[in-house]
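Visitor:
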Amino acid sequence: MLVSEQIESVDREELKQQNHIHKDTECSEETTIYGHINQHMEKNISNTLHEIYDALMSYNESEQPMAST
Numbered sequence: 113m114l115v116s117e118q119i120e121s122v123d124r125e126e127l128k129q130q131n132h133i134h135k136d137t138e139c140s141e142e143t144t145i146y147g148h149i150n151q152h153m154e155k156n157i158s159n160t161l162h163e164i165y166d167a168l169m170s171y172n173e174s175e176q177p178m179a180s181t
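Heads up, the sequence shown is in the working numbering, so the first residue is 113 and it goes up one at a time.
(1) Looking only at its own chain, which residues have a Cβ that is under 8 Å from the Cβ of L114, when we skip the five neighbours before and after it?
(2) Taking the straight line between their C-alpha atoms, what separation do you get for A167 and E120?
(3) Rounding to the nearest angstrom, what Cα-Cα distance links S174 and I164 in this structure?
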C-alpha cells in the first residue's frame with residue numbers, strides 16, 4: 113500500500129470515528145469553543161458597558177454642581 117493510500121485510509125477512519133462521536137455526543141453551545149468564546153465576549157462586553165455607565169454617571173455628577181452656578 114502506498115503512503116498516500118495509507119494516509120487516505122487513516123483520514124477516512126478518523127472521520128468515521130469523529131462522526132460517531134458527534135452522533136453520540138450532544139454538543140450544546142456551551143460545550144463548544146465558540147460557546148466559550150461567546151460567553152467570554154458577553155462577559156467582557158457587559159463589564160465594559162458597566163464601566164462606561166459608571167464613568168458617565170460620575171461625569172454627570174461632577175457636572176451638575178457647575179451647571180447650577
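Where a beta carbon is used, it is the ideal one built from N, C-alpha and C, also for glycine.
Guide: Put simply:
(1) Here the question's residue 114 lines up with position 2 in the sequence shown. Cβ within range, chain order: n/a, list empty.
(2) For the purposes of this step, residue 167 is identified with residue 55 of the sequence shown, where counting begins at 1. For the purposes of this step, residue 120 is identified with residue 8 of the sequence shown, where counting begins at 1. Looking at the two C-alpha atoms, the distance is approximately 59 Å.
(3) Here the question's residue 174 lines up with position 62 in the sequence shown. Here the question's residue 164 lines up with position 52 in the sequence shown. C-alpha separation (whole angstroms): 15 Å.
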